[in-house]
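A.B. asks:
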Amino acid sequence: MSRNETIYTPILGKIKEMKDAWSSYITSGGASSHEDYRYTCGKIEALNILEEEVRTLEKRFIED
Numbered sequence: 001m002s003r004n005e006t007i008y009t010p011i012l013g014k015i016k017e018m019k020d021a022w023s024s025y026i027t028s029g030g031a032s033s034h035e036d037y038r039y040t041c042g043k044i045e046a047l048n049i050l051e052e053e054v055r056t057l058e059k060r061f062i063e064d
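Mapping of the sequence shown onto the numbering used here: position 58 corresponds to residue 58, and the numbering continues sequentially without gaps.
1. Please work out which residues of its chain come closer than 7 Å, Cβ to Cβ, to Thr40, disregarding the five sequence neighbours upstream and downstream, and give them in chain order.
2. Between which residues of its own chain and Tyr8 is the CB-CB distance below 8 Å, once the five residues before and five after are set aside?
3. Please list, in chain order, all residues of the same chain as Thr6 whose beta carbon is under 6 Å from its beta carbon, the five residues on each side excluded.
4. Just to confirm, are Lys19 and Ile44 a CB contact at a threshold of 8 Å?
5. Am I right that Ile11 and Leu47 are in contact with their C-beta atoms under 8 Å? What's the rounded C-beta distance?
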């Protein structure tokens with residue numbers, strides 16, 4: 001682990017990878033219906049919330 005990495009770095013990396021994949025799916029026209037589009041947007045929003053929570057935990061970990 002490098003100096004700027006924490007135990008949360010791989011988790012945050014995976015979240016980013018998943019968000020990028022779902023965003024690419026939407027922008028490339030992968031959603032076949034409005035329902036599919038909304039469902040996929042919900043996944044991205046859930047990943048955004050998860051990322052925020054992990055970053056909060058990381059900040060607490062660093063400060064302690």
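Here a beta-carbon is modelled for each residue, glycine too, at the ideal position from N, C-alpha and C.
C.D. replies: Quick look at the numbers:
1. Position 40 of the sequence shown, counted from the first residue, corresponds to residue 40. Once the five neighbours on either side are set aside, the close Cβ partners of Thr40 are Trp22, Tyr25, Ile26, Ala31.
2. Your numbering for residue 8 matches position 8 in the sequence shown. So the qualifying residues of the chain are Val54, Arg55, Leu57, Glu58, Phe61.
3. By one-based count along the sequence shown, residue 6 stands at place 6. If we look at Thr6 and ignore the five residues flanking it on each side, its Cβ neighbours are Glu58.
4. To locate residue 19, count along the sequence shown from 1; it is residue 19. To locate residue 44, count along the sequence shown from 1; it is residue 44. It is a contact, given that the beta carbons lie within the stated cut-off.
5. What you label residue 11 is simply residue 11 of the sequence shown in a count that begins at 1. What you label residue 47 is simply residue 47 of the sequence shown in a count that begins at 1. That belief does not hold up - the Cβ atoms of Ile11 and Leu47 are roughly 11 Å apart, past 8 Å.
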